[in-house]
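If you read the sequence shown in my numbering, its first letter stands for residue 5, the second for the next number, and so on.
In this text, a Cβ means the ideal position worked out from N, Cα and C, and glycines have one as well.
What you are looking at is a predicted structure, and each value in this text was computed from that prediction instead of being measured.
This report concerns only the one structure given below.
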Amino acid sequence: MEKLVDRYLRSGPLVNLPIHPRQHAFQPGKSTESALHQLVGTIGRALDSNEYSLGVFFDIEGAFHNTPMKSVSKALANWKVPTMIRSWIIAMLSQRTVQVTVGSTTITISTQRGLPQGSGLSPLLWSLVADSLLSWLSKQGVFAQTYADDGCVLICSLVLSTICDIMQRIIRGIEHWCNTRDLKSPSW
Numbered sequence: 005m006e007k008l009v010d011r012y013l014r015s016g017p018l019v020n021l022p023i024h025p026r027q028h029a030f031q032p033g034k035s036t037e038s039a040l041h042q043l044v045g046t047i048g049r050a051l052d053s054n055e056y057s058l059g060v061f062f063d064i065e066g067a068f069h070n071t072p073m074k075s076v077s078k079a080l081a082n083w084k085v086p087t088m089i090r091s092w093i094i095a096m097l098s099q100r101t102v103q104v105t106v107g108s109t110t111i112t113i114s115t116q117r118g119l120p121q122g123s124g125l126s127p128l129l130w131s132l133v134a135d136s137l138l139s140w141l142s143k144q145g146v147f148a149q150t151y152a153d154d155g156c157v158l159i160c161s162l163v164l165s166t167i168c169d170i171m172q173r174i175i176r177g178i179e180h181w182c183n184t185r186d187l188k189s190p191s192w
């Protein structure tokens with residue numbers, strides 16, 4: 005069923021409103037190599053223009069394990085995914101149980117958050133959640149890209165002090181984005 009829902013999302017809602025072009029994970033024709041090529045090309049153009057480049061790399065800690073259902077639901081609503089499919093996805097995520105057995109002791113708990121590891125749908129759902137971060141960063145006029153839960157922000161300019169001031173504002177913005185989605189602050 006997950007494959008069917010993934011196929012529906014990619015051939016329906018994502019056709020009309022694609023994932024941000026600088027998200028390099030879980031998309032056909034994109035990879036770590038495409039991300040690196042895009043980043044190095046941007047730095048090269050800045051160097052050719054005698055500009056400074058300041059880059060910050062981050063990892064949204066435990067993104068897949070800690071993504072709240074409300075963030076997934078909001079992202080699906082932003083892509084205008086029909087209510088019936090949104091409800092199925094949220095039910096699938098929220099009605100999971102995890103069982104651990106050590107020796108003769110077994111513990112079973114219901115999950116409260118997170119995207120299941122090994123699920124074919126989890127990478128796409130995370131990409132939909134993270135898309136709003138890339139969109140916000142793009143509106144700030146900085147170069148930003150992500151690969152799943154890892155990201156990079158690059159600021160290029162002739163004035164080094166300006167770059168540092170802008171980067172501080174961007175870092176606070178990324179932390180705010182994580183906080184508003186109930187995710188851990190990134191590792192820098």
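Expressed to the nearest angstrom, what Euclidean distance is found between the alpha-carbon atoms of Gly59 and Thr112?
The residue labelled residue 59 in the question sits at position 55 within the sequence shown. The residue labelled residue 112 in the question sits at position 108 within the sequence shown. About 44 Å.
If I follow the unbroken beta strand (DSSP E) through Asp186, where does it start and stop?
Working through the sequence shown from its first residue, we reach residue 186 at position 182. Segment: none, Asp186 is in no beta strand (DSSP E) and carries neither H nor E.
Per DSSP, what kind of secondary structure is Gly145 in: helix, strand or coil?
On the sequence shown, residue 145 is found 141 positions in, with the first residue counted as 1. Three-state result, Gly145: coil.
Gln149: buried (16+ other C-beta within 10 angstroms of its C-beta) or exposed?
To locate residue 149, count along the sequence shown from 1; it is residue 145. With 16 or more neighbouring CB atoms inside 10 Å of its own CB, Gln149 falls in the buried class.
From the DSSP secondary-structure annotation, give me the bridge partner or partners of Gln27.
For the purposes of this step, residue 27 is taken as the residue at position 23 of the sequence shown. Listed as beta-bridge partners of Gln27 by DSSP are Thr150.
Three-state secondary structure (DSSP) of Val157:
Taking the sequence shown and counting its residues from 1, the one referred to as residue 157 is at position 153. Note: Val157 maps to strand in three-state DSSP.
Would a C-beta distance cut-off of 9 Å place Val163 and Phe147 closer than the cut-off?
Position 159 of the sequence shown, counted from the first residue, corresponds to residue 163. Position 143 of the sequence shown, counted from the first residue, corresponds to residue 147. No, Cβ-Cβ distance for Val163 and Phe147 is not below 9 Å.
Please state if the CB of Ala152 and the CB of Trp130 are separated by a distance shorter than 9 Å.
Numbered from 1 along the sequence shown, position 126 holds the residue referred to as residue 130. Numbered from 1 along the sequence shown, position 148 holds the residue referred to as residue 152. Yes, Cβ-Cβ distance for Trp130 and Ala152 is below 9 Å.
Would Ile64 pass as a contact of Leu132 if the rule is Cβ separation under 9 Å?
Numbered from its first residue, the sequence shown carries residue 64 at position 60. Numbered from its first residue, the sequence shown carries residue 132 at position 128. Not a contact, by the Cβ cut-off of 9 Å.
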